[in-house]
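Working notes, beginning with the structure itself.
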Amino acid sequence: MKKVLFTLALAVALPLSAQQKPVYLDTAKPLEERVEDVLGRLTLKEKIALIHAQSKFSSAGVPRLGIPETWTTDGPHGIRPEVLWDEWNQAGWTNDSCVAYPALTCLAATWNPEMSMLYGKSIGEEARYRNKNMLLGPGVNIYRTPLNGRNFEYMGEDPYLAAHMVVPYIQGVQQNGVAACVKHFALNNQEINRHSLNVVVDDRALYEIYLPAFKAAVQQGKAWAIMGAYNLYKGQHCCHNEYLLNNILKSEWGFDGVVVSDWGGTHDTDEAIANGLDMEFGTGTDGLAKGTNNAYDNYHLAMPYLERIQKGKVGTKELDDKVRRVLRLAFRTTMSEGRPYGSMLSPEHYAAARRIGEEGIVLLKNANGLLPIDLNKTKKIAVVGENAVKMMTVGGGSSSLKVQREISPLDGIRQRVGDKAEVVYVRGYVGDASGEYNGVVTGQNLEDNRSPEELIAEAVEAAADADYVIFIGGLNKSAGQDSEDSDRKGLELSYGQDNVISALAKATKNLVVVNISGNAIAMPWVNEVPAIVQDWYIGSEAGDALASILMGDVNPSGKLPFTFPVKLEDVPAHSLGEYVGERNRQVQDVKYNESIFVGYRWTDKQKKVKPLFPFGHGLSYTTFAYGKPTADSKTMSADGALTVKVTVKNTGTRAGQEVVQLYISDKKSSLPRPVKELKGFRKVKLAPGEEKEIAFTIDKEALSFFDDVQYAWIAEPGKFEAIIAASATDIKGVVSFELN
Ligand code: BGC
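Counting in numbering that gives the first Met the number 0, the sequence shown runs from 0 upward without gaps.
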């Protein structure tokens, strides 16, 4: 007793600095020591409180110990507006508008990891400023079918590209003391029936196609959080899936961060306890307002878990593991020393959004050098189409935003053209005039009751005497287009757009079609239209970015992150594998029979199937000449490396950027392999006449496949080819070598 009194007296008498800090507050101490220190201080109830939501987007901290709450936000294209504590409706703040960055498809189309870093850093700063410590994104689910309503939130069809683009995004976000929560782990490749589909996929496709981007996110990006997917795998929901979470993510890959459930993705208490879920969010929170008690107490990882522990049905080993992970999250984010303050809506953020947009827009076709538009020779430009004016930042599901500003394509074009030419706008077609998501309204009135015939006649008339006609259409963020929780019905454009485009193609030789989408579309008019631009959901700076490409202020340098098929039957998920398009709430298998042959891995193999536009395709306003590639050796040893070099020269009159692609082809293997696979890429900037040498160094990893019998990555000795290409079908040169 005396001793206690003495210690207390000493503590009071000493200045604060001389008192001993608890271990967990001592930032000089190793992370794990601090975590263990807190763990030892927590009561059972405090532990339970840490691992489930307390509101729509937050979970509790430990006020007694000064451990802050966790606040999450969507993600992945901007910071979601604030909602009410327990409802999806807007909280009605007036200071929660954000900058909308380009959709992740656009980021992937830049093929530029520097753009990923810029993106992550910028959006991370906005998250930090809004006091969020977890950004729900980025998403890296592989593009398996062009019908998936959520492809726009992901990074395309190729695991190597997605893996290399996701890592800098995560690093950029986390520099701000904000966790990136990579989603949706795993196999969430369609939206229809996302809660009830049980994906049946072989181990090769799992490891070679669907997991590499997640693995890179964890091991190279060092992501602090990962979100489970809604669907099932091996009969278990992915948010509490023994194979994916315990075996692969945590054991094989050594992930030490938190697994967060997708909102409403937790279905079973015992599985949630045992199978690696660390934080439960979004489970039936109908409400604090409507319920008689706190709805969050009924979460699987709340009272039901506590009761099981209290009754001795389960121990606390799993609980402690979950809590350790949540504590790591706190130390890495809210409690990290020197955490920056972040910033919102800054000129730098708008500039970043614009730059990423400009680098991601893809010039698909440009017959006779129709683009760029030469304003000195232009008197009149006719802009046609709903997407020229429709705000695209509202809608699409959880990535919907409330923006401070959004420059429409038409406004961007008008501002850029100024008084140099006349710009007329006509509607062309009426798509979806609505513009509301969870209470955020665009405020646009897009109603138009004229018939399609009237609208086409008006467009054709406007086109007749215009020097350029720019049709701006594509998909939008409404259900059944590019939107969460629904898929597209087909590859075709809706709202009669094909008719408008064909009519315009007859009326003018100078037609530019700008397709805004996050997905491939069918183009039955491809041969009638001289210039085609693949635009994306670019966000706040949509119009400025598009105008600078169309007018040639910026030379296009984006390349497709996924294949454009001619028709749906050319997509292996539809011709060989299964896709379930009818709504069905019963658990149902969907078989990925196409295995590893996704995207160009499929089209490469087909003699008859030619893509409309291949993976990796994108034109420039300048031209590039490739030299003959060389390798520094004819052989490579299993623990060695090989360097392939190629020169690229800008042979045109404008500065430009080219994405040089390296594919590897295994000439003979014991298991079937794709004809070739992307194993390197480099975006290179060249002044007119300038030539640069690009070097790719590869090792065994680039030659390996996943052997599902040995359960290991294997590189088999024998002949290989290193293929230098400008797209999956535009091969510039080949070097052969052997692995000893
Ligand atoms: C989506 C997630 C999102 C979450 C929170 C879910 O419906 O699938 O991607 O982060 O909602 O809004």
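The beta-carbon is built from N, C-alpha and C at its ideal position, and this holds for glycine as well. As the structure is a prediction and not an experimental result, all values here were calculated from the model.
- For the pair P167 and R331, the Cα-to-Cα distance works out to about 18 Å.
- Secondary structure at Y242: helix, using DSSP grouped into helix, strand and coil.
- For the set R33, T72, E435 and A624, the Cα lying nearest the Cα of V683 is the one of A624.
- Put simply, of K566, K731, K606 and V383 the residue whose alpha carbon is nearest the alpha carbon of V513 is V383.
- Taking every protein chain shown into account, the CB of K607 has fewer than 16 other CB atoms within 10 angstroms, so this residue is exposed.
- Bridge partners of D73 according to DSSP: L135.
- Secondary structure in the region 68 to 128: the beta strand (DSSP E) runs of 3 residues or longer, each lying completely within the stretch, are 69 to 73 in chain order.
- F56: not part of any alpha helix (DSSP H); DSSP gives it neither H nor E.
- T282 is classed as buried because its beta carbon has at least 16 other beta carbons within 10 Å across all chains shown.
- Here the distance from the Cβ of H266 to the nearest heavy atom of the ligand BGC is not below 8 Å.
- E568 carries a helical assignment under DSSP once its states are collapsed to helix, strand and coil.
- Ranking V259, V322 and A711 by CA distance to the CA of T71 puts V259 first.
- For Y142, no alpha helix (DSSP H) segment is defined, and its DSSP state is neither H nor E.
- Under DSSP, D543 shares a beta bridge with no residue.
- Taking the Cα positions, A162 is about 31 Å away from R653.
- When distances are taken from the beta-carbon of D95 to the heavy atoms of the ligand BGC, even the shortest one reaches 8 Å or more.
- Relative to A727, the option among F680, E715 and G91 whose CA is nearest is F680.
- Sixteen is the threshold: since fewer than 16 other Cβ atoms of the shown chains lie within 10 Å of the Cβ of V440, the residue is exposed.
- With contacts defined by Cβ atoms closer than 9 Å, K508 and C97 do not form a contacting pair.
- Shortest Cα-Cα distance from G617 to any of N175, D665, V570 and V361 involves V361.
- D486 places its beta carbon 9 Å or farther from that of G396.
- Look at the beta carbons and you see the region 307 to 324 touching the region 261 to 278: at least three pairs across the two are nearer than 8 Å.
- In its chain, beyond the 5 residues on either side, L611 have a beta carbon closer than 6 Å to the beta carbon of V565.
- The three-state reading of DSSP puts F596 in coil, since its state is none of H, G, I, E or B.
- Its chain contains G227, Y229 and C238 as the residues whose beta carbon lies nearer than 6 Å to that of G264, once the 5 sequence neighbours on both sides are disregarded; these appear in chain order.
- The beta-carbon distance between F704 and S735, rounded to whole angstroms, is 19 Å. This is too long to meet the 8 Å contact definition.
- Annotated three-state conformation of Y206 is helix, per DSSP.
- With a 10 Å radius around the Cβ and a threshold of 16 neighbouring Cβ atoms, Y710 comes out exposed.
- Residue ranges of uninterrupted alpha helix (DSSP H) with 4 or more members, entirely inside the region 183 to 234 and ordered along the chain, are 211 to 218.
- Distances from the CB of D552 to the heavy atoms of the ligand BGC are all 8 Å or more.
- If the five residues before and after E347 are omitted, its C-beta is found closer than 8 Å to the C-beta atoms of S121, all from its own chain and listed in chain order.
- Within the same chain, Cβ atoms closer than 8 Å to the Cβ of I663 are found at K675, E676, K678, I697, A701, L702, F719, E720, A721 and I722, the five residues on either side in sequence being excluded.
- In this structure E385 is in contact with L445, their Cβ atoms being roughly 7 Å apart against a cut-off of 8 Å.
- Proximity to L503 across I515, K488, I537 and D466 peaks at D466, based on C-alpha coordinates.
- Closest option to R129, judged by alpha-carbon separation, among W92, G576, A714 and P137: W92.
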